[in-house]
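Everything below concerns the one structure shown next.
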Amino acid sequence: MKTITINVSEPVYEEFREYARKVDRKSAELIREAMELYRQTHMQRRTSLRDRRPASVGGPIQPITGADDLLGEMLDDARD
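Numbering-wise (our numbering), the sequence shown opens with residue 598 and increments by one.
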């Protein structure tokens, strides 16, 4: 393990020490766990949407008709 030096306020460090005493652990253990939790929730690479496989959501609620197709309207609006 790597030894590091961090600067924290006295009240924060004292709170860690008091809690560590209550749960019969070392404050260094609590700080290591806090750092690991932060790493897991904030720093680890999350998968991209491009990496995910599509999920089936079933079929359409109702069939699409010609009137539902908006592509023509979008293209006509783009020409104006």
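The C-beta atom is built at its ideal place from N, Cα and C for all residues, glycine as well.
Nearest neighbour of residue i, chosen from the options [CA to CA]
i: serine 624; options: Tyr610, Tyr635, Ile661; result: Tyr610
i: methionine 598; options: Ser606, Glu626, Asn604, Val620; result: Glu626
Inter-residue Cα distance where the pair is residue i and residue j
i: arginine 629; j: tyrosine 635; result: 10 Å
i: isoleucine 661; j: leucine 667; result: 11 Å
i: isoleucine 601; j: phenylalanine 613; result: 17 Å
i: glutamate 622; j: glutamate 615; result: For clarity, residue 622 is arginine in the given sequence; the question names glutamate instead. Taking the straight line from one Cα to the other gives about 10 Å.
i: methionine 632; j: proline 608; result: 19 Å
i: leucine 672; j: aspartate 665; result: 15 Å
i: proline 651; j: isoleucine 658; result: 19 Å
i: leucine 646; j: arginine 618; result: 44 Å
Inset, instruction - Jot down the residue ranges of each uninterrupted alpha helix (DSSP H) in the stretch 621–656, minimum 4 residues, whole runs only, in chain order. - result: 624–635
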